[in-house]
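Using the working numbering, the letters of the sequence shown correspond one by one to residues 377 to 616.
Even for Gly, the Cβ is constructed at its ideal location relative to N, Cα and C.
Okay, so here's the structure we're looking at.
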Amino acid sequence: MYGLSNEGRQAAGELVAELHQRSVKFEGNEVEVKSLHNHARSLLDVLRNIDSSGSYYPHSAPEPDEPTSLDGRDLPLDHRLAIYDNVVRSAWSDGVVTKDEQSILDDMSMYLGLEPHQTEPLEKQARDDSVKPDAENSSLYKQMLEVAWQDGEVDSNEQAMLDSLASMLGLDSAREVQLDWVCDHLDDRLKAYCSAMEAAWKDGNVSDDEENMLESMRNTLAISDEEHRTILGVVRAKLN
377 MYGLSNEGRQ AAGELVAELH QRSVKFEGNE VEVKSLHNHA RSLLDVLRNI
427 DSSGSYYPHS APEPDEPTSL DGRDLPLDHR LAIYDNVVRS AWSDGVVTKD
477 EQSILDDMSM YLGLEPHQTE PLEKQARDDS VKPDAENSSL YKQMLEVAWQ
527 DGEVDSNEQA MLDSLASMLG LDSAREVQLD WVCDHLDDRL KAYCSAMEAA
577 WKDGNVSDDE ENMLESMRNT LAISDEEHRT ILGVVRAKLN
């Protein structure tokens with residue numbers, strides 16, 4: 377006889393909450409698992425009746441005097457694999473599986489009668505899918521961007537290097553990452569100038585009055601020509 381630790385109960389609760397939020401097909405509609413889980417129908421009963429296509433098919437309830445034997449190994453293999461896949465993906469949803477979550481997975485695989493050669497591919501796929509390569513690549517890209525920005529601007533050679541790195545990493549969001557990073561790292565005077573320039577360029581054209589206002593700001597805030605070109609490039613890129 378054993379029970380979960382406080383951390384285990386919390387992990388199990390989070391796992392149940394994650395499962396509750398999953399959508400399945402039921403009677404032609406998309407519904408959350410939570411709506412199917414009630415006092416008369418346990419969560420495990422719900423999961424065991426979800427097939428590999430994500431459709432829920434409830435079994436008829438047994439007569440009250442009929443003994444019920446609930447054995448996951450009696451389910452078709454594709455149902456068992458689909459159940460385990462749902463659970464393992466929930467466990468990996470935050471990118472890490474705790475000891476308590478692993479204990480739950482082990483118990484689930486035993487209940488469903490699944491062998492390691494059947495569960496391991498599902499676990500590997502869930503683990504691979506939980507890793508966000510774009511996020512990891514964005515982190516590397518930001519590190520290189522920080523190096524390029526050390527002198528307060530990104531020149532054409534540095535931009536070419538960053539573009540090549542983004543292409544090599546397959547980072548589709550490179551421009552958004554760069555623009556967000558640059559905007560976050562501007563000092564107060566450059567942020568003020570950037571905001572003013574964004575307002576001036578919002579309609580795609582800068583009037584004479586707006587240009588005079590921007591020139592006055594450059595003089596007041598001591599914005600260099602290099603800083604002006606950098607901000608102008610950022611603003612145009614954001615508006616395109």
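Rounded to the nearest angstrom, what separates aspartate 563 and aspartate 531 at their Cα positions?
Across the structure, aspartate 563 and aspartate 531 are spaced so that their CA atoms are roughly 18 Å apart.
Any chance you could list the beta strand (DSSP E) runs of at least 3 consecutive residues sitting entirely within the stretch 418-493, in chain order?
With a minimum length of 3 residues, no continuous beta strand (DSSP E) run stays inside the stretch 418-493.
Label valine 558 either buried or exposed according to how many other C-beta atoms from any shown protein chain fall within 10 Å of its C-beta, with 16 as the threshold for buried.
When all chains shown are included, valine 558 counts as buried.
If you follow the alpha helix (DSSP H) that asparagine 533 is part of, which residue opens it and which one closes it?
Here the alpha helix (DSSP H) through asparagine 533 covers 532-545.
Quick one: what's glutamate 645 bridged to in DSSP?
Because the chain is modelled from 377 through 616, residue 645 falls outside the range shown and cannot be assessed.
Are there 16 or more other CB atoms within 10 angstroms of the CB of alanine 393, so buried, or fewer, so exposed?
Alanine 393 sits exposed, since fewer than 16 C-beta atoms from the chains shown fall within 10 Å of its C-beta.
Is DSSP giving asparagine 414 helix, strand or coil here?
Of the three classes helix, strand and coil, the one that applies to asparagine 414 here is strand, per DSSP.
If we count the other Cβ atoms within 10 Å of its Cβ and call it buried at 16 or more, is asparagine 595 buried or exposed?
In this structure asparagine 595 is exposed. Its beta-carbon is surrounded by fewer than 16 other beta-carbon atoms within 10 angstroms.
Reducing DSSP to helix, strand and coil, say where histidine 604 ends up.
DSSP places histidine 604 in helix when its eight states are reduced to three.
Who are the near neighbours of glutamate 574 in its chain, counting only those whose CB is closer than 6 Å to its CB and skipping five residues on each side?
Val611, listed in sequence order.
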